[in-house]
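Trainee: Chains as they are written, first to last, in our numbering: chain U, 1 to 84; chain Z, 85 to 168.
Ideal Cβ placement from N, Cα and C applies to all residues, glycine included.
Quick caveat, the model's predicted, so the values are computed rather than measured.
2 protein chains.
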Amino acid sequence: DGDAAAGKAKSATCVACHGAEGKVSVPMYPNLAGQNVQYLNEALRAYKKGTRSGGQAEIMKIYMAPMSEQDINDLAAYYASLKP
Amino acid sequence: DGDAAAGKAKSATCVACHGAEGKVSVPMYPNLAGQNVQYLNEALRAYKKGTRSGGQAEIMKIYMAPMSEQDINDLAAYYASLKP
Numbered sequence: 001d002g003d004a005a006a007g008k009a010k011s012a013t014c015v016a017c018h019g020a021e022g023k024v025s026v027p028m029y030p031n032l033a034g035q036n037v038q039y040l041n042e043a044l045r046a047y048k049k050g051t052r053s054g055g056q057a058e059i060m061k062i063y064m065a066p067m068s069e070q071d072i073n074d075l076a077a078y079y080a081s082l083k084p
Numbered sequence: 085d086g087d088a089a090a091g092k093a094k095s096a097t098c099v100a101c102h103g104a105e106g107k108v109s110v111p112m113y114p115n116l117a118g119q120n121v122q123y124l125n126e127a128l129r130a131y132k133k134g135t136r137s138g139g140q141a142e143i144m145k146i147y148m149a150p151m152s153e154q155d156i157n158d159l160a161a162y163y164a165s166l167k168p
């Protein structure tokens with residue numbers, strides 16, 4: 001299972017687009033705070049595998065490339081844990 | 085621009101997966117309440133055009149097929165207006 005505290009520590013590269021605490025300053029990107037953990041897990045894995053396209057999928061694929069299964073679990077747990 | 089009240093009236097087909105008021109009961113789907121209007125507009129158009137894949141994109145493409153530009157503006161305004 002994901003560890004939200006570990007996910008926070010791994011979220012440094014996410015912040016530029018998805019904002020501190022998962023609320024964006026750039027309105028073309030989605031807020032992540034409070035999103036469903038299962039959806040986040042599925043989406044991050046799809047980006048990594050290249051099975052999700054559209055929007056900034058090419059950029060997400062690059063960011064997800066170095067992430068392990070545990071990293072993704074942790075990131076999903078972290079963003080799901082934040083208050084929207 | 086989008087009209088949130090009109091969007092609410094057009095959201096009947098969205099509710100089964102995205103929940104009443106944009107909060108899901110099925111955790112594999114994303115919450116939409118309070119999502120950024122620009123992101124929602126982009127995502128819905130990408131589904132309609134078939135330029136977004138992954139997750140339930142094939143289903144979203146079917147749901148978006150009958151939607152006009154104004155319908156999409158209204159739906160995006162509606163979901164962005166909801167409290168997360």
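What does N120 (chain Z) touch in chain U if you count any residue whose Cβ is under 8 Å from its own?
Mentor: Those within 8 Å of N120 (chain Z) in chain U are V24, P27, M28, Y29, P30, N31.
Trainee: Below 6 Å CB to CB, which residues in the same chain sit around A76 (chain U) once its five sequence neighbours on both sides are set aside?
Mentor: G2, V37, L40, N41.
Trainee: I'd like to know whether the C-beta atoms of A117 (chain Z) and K132 (chain Z) end up nearer to each other than 9 Å.
Mentor: No, the Cβ-Cβ distance between A117 (chain Z) and K132 (chain Z) is not below 9 Å.
Trainee: Measure the beta-carbon distance from G139 (chain Z) to A46 (chain U) and round it to whole angstroms, keeping in mind my assumption that it falls under 8 Å.
Mentor: That belief holds up - the Cβ atoms of G139 (chain Z) and A46 (chain U) are roughly 7 Å apart, short of 8 Å.
Trainee: Hey, quick one: how far does the alpha helix (DSSP H) through D158 (chain Z) stretch, first residue to last?
Mentor: Taken as a continuous stretch (DSSP letters only), the alpha helix (DSSP H) holding D158 (chain Z) covers 153–165.
Trainee: Does chain Z have any CB closer than 9 Å to the CB of S81 (chain U)?
Mentor: With 9 Å as the cut-off, S81 (chain U) does not count as an interface residue toward chain Z.
Trainee: Can you give me the Cβ contacts of R136 (chain Z) inside the same chain, cut-off strictly under 7 Å, excluding the 5 residues immediately before and after it?
Mentor: Here the set comprises A127, A130.
Trainee: Roughly how many angstroms separate the alpha carbons of T13 (chain U) and G7 (chain U), rounded to a whole number?
Mentor: So the alpha carbons of these two residues sit roughly 11 Å apart.
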